[in-house]
Structures are given as structure tokens and as C-alpha cells.
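**Q** Dumping the structure here so I can ask a few things about it.
Protein chains: 2
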Amino acid sequence: MVPHLITALTGPINELEQRMLDAMPAIERWFRLEWMEHTPPFYTSVDLRNAGFKLAPVDTSLFPHGWHHLTAEMMPLAVQAAMAAIEKICPEARNLLIVPENHLQSPSDVADLAQLQRIFNLAGLNVRVGSIDPELKKATTFQLADGQSVAVEPALRVRKRVGLRHFDPCTILLNNELPAGPPGILEDLYEQYLLPPLQAGWTVRRRSRHTRCYEEVGKRFGKMLGIDHWLIHPISHSAEAGKTKARRMEALRAAVDQTFSKVRRKYKEYGIGEKPFVVIKADDAGDEAGVAVLRDARDLPTLEESGQLPRSGHWLVQEGVLTQERVHEAVAEPVVYTMDRYVVGGVYRMHPGESAGLGGRARGASYVPLAFEHSTQLPQPGERPGASAPNRFYMYGVVARLAMLAASYELEATDPEMLELA
Amino acid sequence: MVPHLITALTGPINELEQRMLDAMPAIERWFRLEWMEHTPPFYTSVDLRNAGFKLAPVDTSLFPHGWHHLTAEMMPLAVQAAMAAIEKICPEARNLLIVPENHLQSPSDVADLAQLQRIFNLAGLNVRVGSIDPELKKATTFQLADGQSVAVEPALRVRKRVGLRHFDPCTILLNNELPAGPPGILEDLYEQYLLPPLQAGWTVRRRSRHTRCYEEVGKRFGKMLGIDHWLIHPISHSAEAGKTKARRMEALRAAVDQTFSKVRRKYKEYGIGEKPFVVIKADDAGDEAGVAVLRDARDLPTLEESGQLPRSGHWLVQEGVLTQERVHEAVAEPVVYTMDRYVVGGVYRMHPGESAGLGGRARGASYVPLAFEHSTQLPQPGERPGASAPNRFYMYGVVARLAMLAASYELEATDPEMLELA
């Protein structure tokens with residue numbers, strides 16, 4: 001089934017698309033030069049929002065999930081990118097250990113993990129799964145409906161190395177957000193590659209840092225392309241943690257006001273008739289901590305009283321970016337997967353029945369992923385903008401790679417070794 | 423349309439397939455380590471023959487043609503591999519010049535060139551085509567039936583660089599076999615990357631050297647896998663150039679006898695009931711110089727008298743490898759395309775109506791290319807051997823990469839800079 005893009009393929013976004021298609025060789029060269037200076041995060045998934053007048057990343061996961069949504073056509077690309085990544089990091093590698101999320105439960109968790117294991121196995125590694133979940137005491141095999149299975153064993157720490165019984169990996173692939181901070185078992189590993197590094201976890205990570213890095217990347221990219229970087233960048237303000245609840249709420253209110261005010265100015269500048277809204281996220285936690293949508297600054301007290309604010313001491317207020325994309329009747333949000341420096345695939349996250357696209361991931365939304373159309377990784381330069389899904393996907397791939405580049409800056413800024421040097 | 427492999431998916435070849443599937447991580451690691459020491463040829467196409475009891479490469483082109491046969495599914499892989507290649511060779515690259523064969527004529531020549539241009543354009547380069555054909559005096563646009571076109575301009579040499587008017591490439595991609603030797607316009611280029619290097623042309627290249635390199639590679643690979651390397655290697659002997667015609671024919675006869683005798687011994691060892699045959703090729707020219715099939719050493723004088731020997735002063739006699747593969751009724755020979763270190767696609771070259779698979783490319787055969795099945799780049803480790811096209815294609819990709827590795831050894835052995843050091 002091929003998603004049918006309705007709103008997405010019309011409107012002013014086509015100008016941006018045209019610019020990117022025209023500048024394709026310059027854009028690719030710009031990325032090549034960036035990757036000479038910066039190491040791409042091992043893998044990411046980037047949530048995008050296409051408002052018709054702007055296209056922006058709203059979330060960059062450094063422990064991406066949903067690999068099972070990649071279609072059979074996308075798999076060879078992911079495998080080839082995985083091969084390229086391994087060649088660079090550790091060509092002598094034989095064994096790779098995947099550390100999954102704790103509490104694997106749903107069939108989709110297992111299917112996701114099975115696909116990730118398959119990608120690295122096909123890239124030429126012995127791949128096993130080692131859990132750091134303290135509740136997992138012995139090897140457990142999870143069965144999938146299609147007959148596949150994934151064996152998950154408790155990860156073992158033996159002196160300076162992590163592995164499994166009779167399995168000594170040279171690389172450890174983290175696919176665990178580490179919500180409770182870096183566990184002892186993974187600390188002070190100097191003999192093995194740990195990817196992504198521990199500072200990618202939420203104990204160190206801040207959305208606001210990512211956003212600042214993204215703004216820097218977006219400005220430079222916008223200058224190269226000759227566009228206002230707002231067209232690819234959501235405005236945001238962080239509300240710093242205060243000592244008291246009142247102080248925290250004051251900081252949040254200020255951030256909300258600043259964001260609304262800047263967005264209004266931009267809407268006016270571009271003659272956009274829509275009503276702006278903002279999204280409040282935890283600065284130091286993923287979307288599972290909650291995402292609140294605020295359509296009017298005056299509703300903030302109500303939001304607070306009803307307990308709908310994300311569970312966090314400090315927040316990031318982000319410009320809400322409307323989602324104009326629909327597949328049939330449902331709101332469709334593109335998610336782009338990267339590995340090494342390559343875009344390896346994309347899916348639509350679907351919100352069936354939801355009327356207007358929310359800027360954040362709405363709570364309780366159900367996800368019906370859809371693959372992008374066949375071989376849409378490749379733009380078709382001759383085509384008129386807005387006329388072809390491949391071209392739209394090229395633009396998505398560019399913006400996703402900008403977010404990936406921002407994540408690279410971010411990980412450099414929090415690299416303990418770099419901090420020691422500084 | 424999906425090719426239906428008949429003979430190919432049964433028989434002893436399945437043992438070899440099973441070994442390769444079982445050893446997949448070891449094989450991939452082996453290649454990774456090889457590529458740490460050796461530079462892969464920029465691109466190749468490798469002709470394979472599957473005899474049911476053995477699988478061997480019979481021709482490795484360093485100026486591959488037929489890119490237009492790659493399907494839409496394979497294109498993203500080719501583009502991603504091209505990106506990886508450019509990143510390594512010249513990340514600052516903006517402009518790439520393709521030097522095509524002289525005398526472009528047929529629509530398939532033009533479609534091939536258009537696809538090659540498209541691959542590197544989509545990898546993020548400005549790509550133009552500069553011909554070194556002395557008969558091409560001015561820019562010429564070739565139209566394709568589907569509306570595409572390719573502009574070919576005369577390549578210009580300005581002091582130490584080659585380019586076009588207002589187009590100064592940093593990399594020059596040779597897609598020209600240089601049958602008449604390296605033209606002056608391409609010699610002594612020290613400021614630009616010339617890929618593949620001039621010694622890849624037939625003035626320097628010898629099939630016998632490639633074969634020796636391949637035997638070395640095959641032996642080491644066979645040892646790692648625990649197999650007789652004959653299962654992936656065609657026996658061959660070169661007939662050195664003699665001063666007189668009588669001497670040359672004597673050398674050829676000796677090479678034919680040696681080859682037949684070794685092949686017979688192998689057939690006996692493996693209990694193969696087929697009648698061996700050999701193929702005579704020019705040692706210093708591509709298949710366009712002619713390929714002669716010899717079923718009995720006693721027919722050699724007849725072959726010579728009838729003028730059917732390849733046009734060359736010295737020959738390579740190669741073990742004929744039967745082609746047991748059929749798509750419908752036609753003989754199907756797999757051709758695997760590589761770029762950088764990756765397998766990017768494959769096609770079947772078809773010989774409709776031909777009864778028995780010849781070891782070489784028969785003269786006058788018509789070619790009906792077919793794509794391999796959908797996403798067959800990826801093996802399916804769970805499947806029983808012979809049961810799935812993807813697994814067969816994995817084995818083809820492995821053997822093609824062995825031939826590519828041999829080409830890398832070969833280019834190193836003839837690298838003028840390395841020779842100076844030696």
C-alpha cells in the first residue's frame with residue numbers, strides 16, 4: 001500500500017522542495033564536509049512535521065525503535081549502511097551485543113528487536129541480545145507470530161568487559177534509553193565500543209541542548225541554501241529548573257510567552273492565518289514522560305492543575321508544527337531512520353481519526369506505520385515540486401540528516417573525554 | 423517479472439551455499455579485513471557461471487556497462503555505495519566527469535550512460551560527460567525514448583587538468599576500456615583523481631594476471647571456508663606470445679592440453695559425468711576480440727583455420743564452466759555489479775534458444791537482462807539451501823566480491839607508483 005499524500009504535495013512547501021532539489025549537489029557536499037569534522041550518531045530516528053509552509057524535526061531519538069516497520073525494499077539499504085558503520089568503527093568485529101529496553105513485552109517490541117538483530121547479522125556479525133534488566137534472571141526466548149524468535153540473555157560484566165556467557169562482543173549497541181541513568185554494568189568500559197555513548201541517555205541528554213545545536217546547524221544550512229532557517233526549525237525556549245514549584249511555573253510561563261510571541265511574529269511575517277500553539281515537553285526525558293499541547297497561554301494553569309504537564313523538573317517549550325499530511329483520513333507523521341551517515345528508510349506514524357495534526361505525539365494515539373513509497377530514497381530532479389513522493393522524501397531525508405548532525409554536535413558537547421580536554 | 427531458477431536451485435551447489443550461509447559473519451569479516459589492506463576497484467561487473475557443482479567468475483570488467491539494467495529497487499543501493507566511494511576518495515568533490523566509450527551509438531549505450539550519470543548525480547555531484555573520441559568534435563545530445571537525454575561534450579585538456587568548457591572536475595570516472603591504450607589527454611594527470619586508473623585498460627591488463635590473483639584469493643578464501651577452491655575457481659593456462667605463428671600455436675596447444683587434463687582430473691575426483699570443454703580468450707583484450715569454445719583438443723587446428731580464434735597474439739585458455747541456470751527456456755548467466763566494496767545489484771544475461779550453457783559469451787547471442795528478485799541482496803539464514811533466490815544471490819555476491827578483490831590485487835600489481843617503490 002502506497003501512502004497518498006494529500007496536503008503535503010501542495011502549497012508553499014514546494015518552494016523549499018524546489019530549492020533543495022536545485023541545490024542537491026551542494027547539499028550533499030555540505031554534508032560530506034560536515035562528516036569530515038563530526039562523527040554521525042550511530043543511528044537515529046527523526047520525527048518530522050510538515051505544516052505545508054514549514055518542515056521541521058520535532059524529536060530526534062538516539063535509541064531508535066520501530067525497525068520492523070522498514071519494508072523489505074529498505075532492508076538492503078539499512079544493511080549496507082550497517083556494514084559501512086562497522087567498517088569504520090571496528091572492522092575486526094566478530095560479535096555485537098544489542099542491549100534492548102528493559103521490560104520487553106509487546107509483540108512489536110520483539111519484532112523491532114528481531115529486525116535490528118537481523119540487520120547487523122546480515123551486515124556480517126554474530127549478534128546476540130543481552131539485557132540489563134535486573135528482573136531478567138535467565139535466558140528467555142520471545143516468539144513471534146511469524147515463527148521468528150529472539151533470545152534475550154542477561155548481560156554479564158566480567159572485569160572490564162560486558163558480554164554473555166561464551167560471547168565476548170567487541171561492540172555493544174545500546175537500544176535502551178537508560179531512563180534511570182547509566183547502569184553500573186555499562187560504566188567504565190574502555191575495551192569495548194559502546195554505541196551510542198552513555199551520554200546519549202536522558203541523564204545527560206537535554207532536549208534544549210539538541211535544539212540549540214539544531215538551530216546552529218539550521219542557520220548554517222539556511223545560509224548556504226539562501227532561506228530563513230525558521231522554515232526548517234521549530235522555535236523553542238527552555239524553562240530552567242527553579243528551586244520551588246512557583247519558580248518552576250514562572251519559568252515555564254515565561255518560556256511559553258516567549259515562544260508564542262516569536263511564533264506569532266513569524267506567522268505575521270509569512271502571512272499565515274493559522275492559530276499558533278506550543279508543545280511542552282520534558283527537557284530531560286523522552287515522550288513517555290508526557291507531551292502537553294497548549295493552544296493559549298492562559299490555559300497553562302488549567303494544564304498544570306489537571307496534572308497534564310510532563311513529569312519533569314524542567315521543560316522545553318517548542319513551537320507546535322501543524323501536520324498537514326494525511327494518508328486517507330488519518331494524520332500522518334513522517335519518521336526517518338538513519339544509520340551511519342545515510343538515510344535508510346522512513347515510515348508514517350498514523351493517528352487515525354485525529355482531526356488536526358498536533359505538534360507533539362498525542363497521548364493515546366495509535367500508531368499505524370506505513371512505508372514510504374517504493375524506492376523513494378531517490379529524488380527525481382526533472383519533476384516539478386510537489387508532484388512526486390520521491391522528491392518530498394528527499395527533502396525529509398535532508399531535514400532528518402540536519403537533526404542527525406545536530407545530535408552529533410550534541411554528543412560532542414557532552415563527551416566526557418572532550419570535556420576533559422576543554 | 424521474477425526469474426525462475428530451475429537447475430540452479432538444486433544439486434550439489436547447495437552444499438557450497440550452505441557453507442557460505444553458515445559462515446556469513448566469518449566471510450563478511452574476512453572481506454572487512456581484506457579491505458583494510460586493499461583498495462576495492464571503484465566499480466566492477468562480474469560474469470558468473472553456475473554449473474550446479476561449481477560456481478565461478480569468468481570475466482571481471484573494470485569498466486562496467488549495463489547500469490540501465492539495474493532495477494528501481496537496486497538504485498538506492500548503488501547511490502548509497504557511490505556516496506560511500508566519494509566520501510572516501512574526495513569528500514570535497516563538486517564535479518565528476520564521466521569518460522564514456524568512444525562511438526556511442528545504440529540506445530542501450532545511451533541508456534547505460536544516462537543511468538551511470540544519474541547514480542553519481544543522486545550521490546550529490548554535478549556530473550557531466552566528456553568524450554575522448556577524436557571524432558566527436560562538438561557537444562552532442564543523445565535522446566532516449568523515455569524523454570531522458572545525455573549531453574556528451576568533447577573532453578578538453580588544459581595544462582595539467584582534464585575537463586569541459588566551464589567544468590573543472592576533481593574526479594574523472596573512466597567508463598571506457600581504452601582498447602587503443604591510454605590516450606594522451608588522460609596521461610600524467612596528477613591533480614585529479616582518475617578512476618579506475620589507466621593500468622585498468624587492456625594495454626596493461628592481462629586476463630592471466632587477474633586469474634592468478636583470483637586463484638590466490640580463492641585459495642585463501644577456500645582455506646577459510648574449508649572447501650576446495652576449484653569449486654569457485656576456473657582452471658586456466660596462458661599461452662605466452664611466441665615469435666612465430668607456429669610457436670604461438672604450439673604454446674596455445676600446450677595450454678589447451680594442460681587445462682583439459684587438469685579439468686578431467688577434477689571431474690573424475692568429483693564424479694562429474696559431463697564432458698569438459700575449454701574457452702579460448704584473448705589475454706589482453708575484452709570479449710569483443712572473440713571467445714572460442716573448444717570441446718575437443720583435436721579441433722584446435724580447425725578452429726584456427728576457420729579464423730575463429732580471438733584476435734590476439736597471446737591467449738588465455740580457461741576451463742569452460744557449464745551454465746545450468748535457465749529462466750524459462752533460455753540460458754541465464756548472472757552478472758553482479760559492485761561499487762566501492764558493496765554488491766549493488768545483479769542481472770541475468772539471457773541467451774534465448776541456446777541449448778547448452780557455453781563457458782564464454784557466445785558470439786551473436788542476444789541479451790535479455792532480467793533483474794534478480796526483489797531485495798534479493800539479503801540472505802535468509804533460516805532457509806534451507808537451494809530453497810530461496812536471496813540465498814543464491816548472497817553466494818553470487820560473495821564470489822563476485824572475490825573477483826573484485828582479485829581485481830584489487832591486480833591493479834596494485836600494475837600500479838606504476840608501487841612498481842617504482844619495488
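Residue numbers (my numbering), protein chains in the order written: chain A, 1 to 422; chain B, 423 to 844. Ideal placement from N, C-alpha and C gives every residue a C-beta, glycine not left out.
Against M761 of chain B, what residues of chain A qualify as contacts under a CB-to-CB distance less than 7 Å, listed in chain order?
**A** Near M761 of chain B there are no residues of chain A at all, since even the closest Cβ is about 10 Å away, more than 7 Å.
**Q** Rounded to a whole number of angstroms, what is the C-alpha to C-alpha distance between R265 of chain A and A292 of chain A?
**A** C-alpha separation (whole angstroms): 23 Å.
**Q** For A413 of chain A, tell me which candidate among A:S208, A:T338, A:V263 and A:L300 has the shortest Cα-Cα distance.
**A** Ranking A:S208, A:T338, A:V263 and A:L300 by Cα distance to A413 of chain A puts A:S208 first.
**Q** Which value, in whole angstroms, describes the spacing of the CA atoms of M83 of chain A and L97 of chain A?
**A** If I take the Cα positions, the gap works out to 16 Å.
**Q** From the DSSP output, read off the bridge partner residues of W315 of chain A.
**A** Beta-bridge pairing links W315 of chain A to A:A239 and A:A282.
**Q** Assuming G767 of chain B is part of the beta strand (DSSP E), what are its boundary residues?
**A** From DSSP, the beta strand (DSSP E) with G767 of chain B extends over Y764 to H773.
**Q** Considering only residues of the same chain and omitting the five flanking positions on each side of L144 of chain A, which have a CB-CB separation below 8 Å?
**A** These residues qualify, in order along the chain: P107, V110, A111, A114 and V150.
**Q** Would you check if there are 3 or more beta carbon pairs closer than 8 Å linking the segment 393-408 of chain A to the segment 178-194 of chain A?
**A** No, they do not touch.
**Q** According to DSSP, G130 of chain A sits in a beta bridge with which residue or residues?
**A** Paired residue(s): A:E153.
**Q** Give the residues from the segment 108-136 of chain A that approach chain B closer than 8 Å (Cβ to any Cβ), ordered along the chain.
**A** Listed by position, the residues of the segment 108-136 of chain A near chain B (Cβ gap below 8 Å) are N121, L122, A123, G124, L125 and N126.
**Q** Once the 5 residues before and after R295 of chain A are set aside, which same chain residues still bring their CB inside 8 Å of it?
**A** Closer than 8 Å at Cβ, skipping near neighbours: K275 and F277.
**Q** Quick one: what's V158 of chain A bridged to in DSSP?
**A** Per DSSP, A:R161.
**Q** Using CA atoms only, rank isn't needed, just tell me which of A:E135, A:D133 and A:V152 is closest to T141 of chain A.
**A** Considering only alpha carbons, the answer is A:V152.
**Q** Apart from the five residues just before and just after T39 of chain A, which ones in its own chain have a Cβ nearer than 7 Å to its Cβ?
**A** Hits under 7 Å: S408.
**Q** Is the segment 209-226 of chain A close to the segment 397-404 of chain A, with three or more CB pairs under 8 Å?
**A** Yes, since at least three Cβ pairs between the segment 209-226 of chain A and the segment 397-404 of chain A fall closer than 8 Å, the two stretches touch.
**Q** Cβ of I132 of chain A within 8 Å of Cβ of L186 of chain A?
**A** Their beta carbons are under 8 Å apart, which means I132 of chain A touches L186 of chain A by this criterion.
**Q** How is the alpha helix (DSSP H) around P454 of chain A delimited, first residue to last?
**A** In this structure chain A extends from 1 to 422, so residue 454 of chain A is not present and cannot be described.
**Q** What does a CB cutoff of less than 8 Å around D837 of chain B pick up in its chain, not counting 5 residues either side in sequence?
**A** Correct list, in chain order: P619 and Q621.
**Q** Nearest to V549 of chain B by CA position, among B:H525, B:G585 and B:N524, is which residue?
**A** With distances taken between Cα atoms, V549 of chain B lies closest to B:G585.
**Q** For a test of the three-state rule: what should DSSP assign to A111 of chain A, helix, strand or coil?
**A** In this structure, A111 of chain A counts as helix in the three-state DSSP scheme.
**Q** W67 of chain A to R341 of chain A, Cα distance in whole Å?
**A** W67 of chain A and R341 of chain A: Cα-Cα distance of roughly 17 Å.
**Q** Relative to the C-alpha of Y770 of chain B, which candidate in B:E437, B:E741, B:T493 and B:P723 has its C-alpha closest?
**A** Taking only the C-alpha atoms, the option nearest Y770 of chain B is B:T493.
**Q** For the beta strand (DSSP E) containing S467 of chain B, name the first residue and the last one.
**A** It spans Y465 to N472 - the beta strand (DSSP E) in which S467 of chain B sits, taken as one unbroken run.
**Q** So within the segment 678-733 of chain B, which uninterrupted alpha helix (DSSP H) runs reach at least 4 residues, ignoring any that extend past its ends?
**A** Correct list: 722-727.
**Q** Determine the direct distance from the alpha carbon of G346 of chain A to that of A676 of chain B, and round the result to whole angstroms.
**A** Distance between the alpha carbons of A676 of chain B and G346 of chain A is about 60 Å.
**Q** Taking E17 of chain A as the reference, give the member of A:E417, A:L411 and A:N391 with the closest Cα.
**A** The shortest Cα separation from E17 of chain A among A:E417, A:L411 and A:N391 belongs to A:N391.
**Q** Would you report the Cα separation of A371 of chain A and A707 of chain B, rounded to the nearest angstrom?
**A** Confidence at A371 of chain A is low in this model, with a pLDDT of 49, below 50, so the placement of that residue should be treated as unreliable; the coordinate-derived value is given next. In a straight line, the C-alpha of A371 of chain A is about 47 Å away from that of A707 of chain B.
**Q** State yes or no: is the C-beta of N517 of chain B within less than 8 Å of the C-beta of P576 of chain B?
**A** No. Outside cutoff.
**Q** Beta carbons nearer than 8 Å to chain A: which residues of the segment 483-513 of chain B have them?
**A** Those residues of the segment 483-513 of chain B that come within reach of chain A (Cβ to Cβ, closer than 8 Å) are A494, E495, M497, P498, L499, V501, Q502, A503, M505, A506, I508, E509 and P513.
**Q** So is K559 of chain B buried or exposed if we call it buried at 16+ other beta carbons inside 10 Å?
**A** K559 of chain B is exposed by the Cβ-count criterion.
**Q** Pull out every residue of the segment 191-206 of chain A whose Cβ sits closer than 9 Å to any Cβ of chain B, in chain order.
**A** Answer in chain order: no residues at all.
**Q** Name the residue from B:E456, B:M772, B:F464 and B:L647 whose alpha carbon lies nearest to the alpha carbon of A752 of chain B.
**A** For A752 of chain B, the nearest C-alpha among the options comes from B:M772.
**Q** Please identify, using Cβ separations under 9 Å, the residues of the segment 144-168 of chain A that lie next to chain B, in order along the chain.
**A** Residues G147 and Q148.
**Q** Tell me which residue opens and which closes the alpha helix (DSSP H) that T323 of chain A is part of.
**A** T323 of chain A -> no alpha helix (DSSP H), and no H or E assigned at all.
**Q** Quick check on the burial criterion: 16 or more other C-beta atoms within 10 angstroms. Buried or exposed for K88 of chain A?
**A** Looking at its Cβ environment, which holds fewer than 16 other Cβ atoms inside 10 Å, K88 of chain A is exposed.
**Q** Judging by CA-CA distance, which residue of A:G320, A:M418, A:E417 and A:F393 is the nearest neighbour of D59 of chain A?
**A** Of A:G320, A:M418, A:E417 and A:F393, the residue nearest in Cα terms is A:G320.
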